[in-house]
Each structure stands twice: as C-alpha cells, then as structure tokens.
Amino acid sequence: MLGAKRRRVKPASQPPARFPHRRLTFGAIRIICAGMDEPIAVSPLWLEYSGLPRHLNEAVRAGAWPVFKKLVELDCQQNAIPDIIEAAAADLAEWTGLKADAVSKILAKLRSAKYVAGYIADHPEEVSLFQIQIPLRTPRTPAETIRDSGKAFFHPGMRLRYGYPLDAPPDDETRLQQVVDLYFNHISMRMNSFILDELRMVARRFSLESARGVFGRAALNETRSLAWAIRELVKERRGDGENTGE
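Note that the sequence shown covers residues 173 to 418 in our numbering.
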C-alpha cells in the first residue's frame, strides 16, 4: 500500500460580483492585491531578480525553477518563518504543468545541489518533506539584487526571506541527537549528509514520542529503512490524508 496520499485540490468557489482590494498579511509584510478577493500564491520577488530562475533551469535541470518556485510558495503559505513543507510530486506536477516523473527527478536534483533539503517519497502520489536551504545560494546575493534591480520596492537593509541564516531553536541539536540515536539503535548505522537532513526533519516535524514508536516498530519488523519510518510518521501525522490539521 502506498504511504500518505496527497489531498486533492478543491475547486474555487464562484467569485463575488465585486472585487475589493484585499489586504493580506504575509509574515510581517502586508500585501494589497488590487481587484482580488480569492486565494493567491505568494513568493519573495527578489528571487526572480537574483538570477536564480535561469540558473536552476540551466544548471540543475530544465523545469527546476517552476518546481522550486512552487515549493517557495507553499513555504510562504504555510510558514511565517521558513520551515518544513509537505507536498506530493503528483501535486507539484499538476501545479507546474510538468510530468510527475520529471518533477521527481527535478526534486532529486534540487536536493543534490543543496537548494532544498528533504525526504523524497518513492511514489509521486505520496507526500514528501522539503525545506528550502538557507541561506539560499543565488547568482546575485541579496545585497547585489537590491543594488542592481533598480526597483523602488527594494531598499538597502531589507532582510530578504531565504537570503540570510536563521537562528535554530535552542533545543534543535538536542532533539536531533535523540532522533539520531533512535535511528542508530533501531534502523541502521549508515549515515551521510542526506540521511542527516532527513533525521533533522524528523526531529523538527514530529514529536519524539511518535519517532520512538515508529522507529521501534521498524526494529520489531526488521525494517531497516528510514524512508519507511518517515512515511509512517507522515501517515500518522496526516491521518493518511483524511485529517491533516493544517
């Protein structure tokens, strides 16, 4: 059986006859959308002026920019401060107009190139976990982008999202070490940078109690697979797609 399934996107309801200006709060930024009273996708504009779109499409893989931009939009929608997001490759394919197998390859390339950290599910219908790597590597730095864009909406001193390191929560390393110990004790002694990124996501996304339970089941079932454990944690948290609490 496949793991946690993606949720189908519900069609938008009929828009009202009049379209007032809508004031949205995005983190600490307020955005006024003229003539719109409907859900919108938001992403930091500086990324489009940083040279990143062409760089991702040419250096990572064709189609990498629209996939990455959609991950950014999801992060901006779900997290006031950049954090972990959940998405299925099949949904990303639907939203970007690309084929699901192409999206899966792009996600793997983005992870290998260190633009995102993440757990990539085996099947496109299953939920994967991602986090934008910060500070994000862009052809032009945030300061260069502000200086060279010539746009009035950028000004020196702006703290652009993804452009600068964030302070980790004080208990991050302690929780990570506990999850690493669970992994070593119950699943495998194998370790590399990608596994460490996945374990860091487990530590931040799921309770230690849930991790103990799932990793313990992995040992009982002699399942030496971190991917299986993360898939089970996602299913448990989302109620297998029926009740996500989002």
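Beta carbons: idealized from backbone N, C-alpha and C, even for Gly.
Please tell me whether, using a cut-off of 7 angstroms, the distance from the CB of residue i to the nearest non-hydrogen atom of the ligand NAD is below it.
| i | result |
| --- | --- |
| R377 | Absent from the structure shown: the ligand NAD. Ligands present: none. |
Please state if the CB of residue j and the CB of residue i are separated by a distance shorter than 8 angstroms.
| i | j | result |
| --- | --- | --- |
| A340 | I359 | no |
| K277 | R226 | no |
| P311 | L224 | yes |
| K241 | S222 | no |
| D369 | I304 | no |
| L398 | I367 | yes |
| L264 | A236 | no |
| P296 | A259 | no |
| Q350 | L392 | no |
| I306 | L348 | no |
| K274 | A262 | Contrary to the premise, residue 274 reads as Ala rather than Lys in this sequence. For A274 and A262, no; Cβs fall outside 8 angstroms. |
| C400 | F326 | Looking at the sequence shown, residue 400 is not Cys but Trp. Against a cut-off of 8 angstroms, the Cβ pair of F326 and W400 comes out as no contact. |
Going by other Cβ atoms of all chains shown within 10 Å of its Cβ, with 16 needed for buried, is residue i buried or exposed?
| i | result |
| --- | --- |
| A231 | exposed |
| K407 | buried |
| R410 | buried |
| R319 | exposed |
| L405 | buried |
| A252 | exposed |
| A280 | exposed |
| F387 | buried |
| F378 | buried |
List the whole-angstrom C-beta distance separating residue i from residue j, where the pair is believed to meet the contact cut-off of C-beta under 8 angstroms.
| i | j | result |
| --- | --- | --- |
| M373 | L301 | 5 angstroms |
| G335 | L371 | In fact, because the Cβ distance is near 26 angstroms, the residues do not count as touching under 8 angstroms. |
| E298 | R384 | With 8 angstroms as the limit, E298 and R384 do not qualify as a contact, their Cβ atoms being about 23 angstroms apart. |
Examine chain C for any beta-carbon lying closer than 8 angstroms to the beta-carbon of residue i, and answer yes or no.
| i | result |
| --- | --- |
| L224 | In the structure shown, chain C does not exist; there is a single protein chain. |
(message) With a threshold of 8 angstroms, are at least 3 pairs of Cβ atoms found where one atom belongs to the region 277-286 and the other to the region 313-322?
(response) Between the region 277-286 and the region 313-322 there are fewer than three C-beta pairs closer than 8 angstroms, too few to call the two in contact.
(request) Could you pull out every unbroken beta strand (DSSP E) segment of at least 3 residues lying fully inside the region 296-367, listed in chain order? (result) The region 296-367 contains these whole beta strand (DSSP E) runs: 299-304.
(message) Tell me whether the region 241-253 and the region 342-358 touch, counting them as touching only if at least three CB pairs, one residue from each stretch, are closer than 8 angstroms.
(response) The answer is no - the region 342-358 does not touch the region 241-253, with fewer than three Cβ pairs under 8 angstroms.
(request) List in chain order: all unbroken beta strand (DSSP E) runs of 3+ residues lying wholly within the region 207-279. (result) With a minimum length of 3 residues, the unbroken runs of beta strand (DSSP E) contained wholly in the region 207-279 fall at 257-260.
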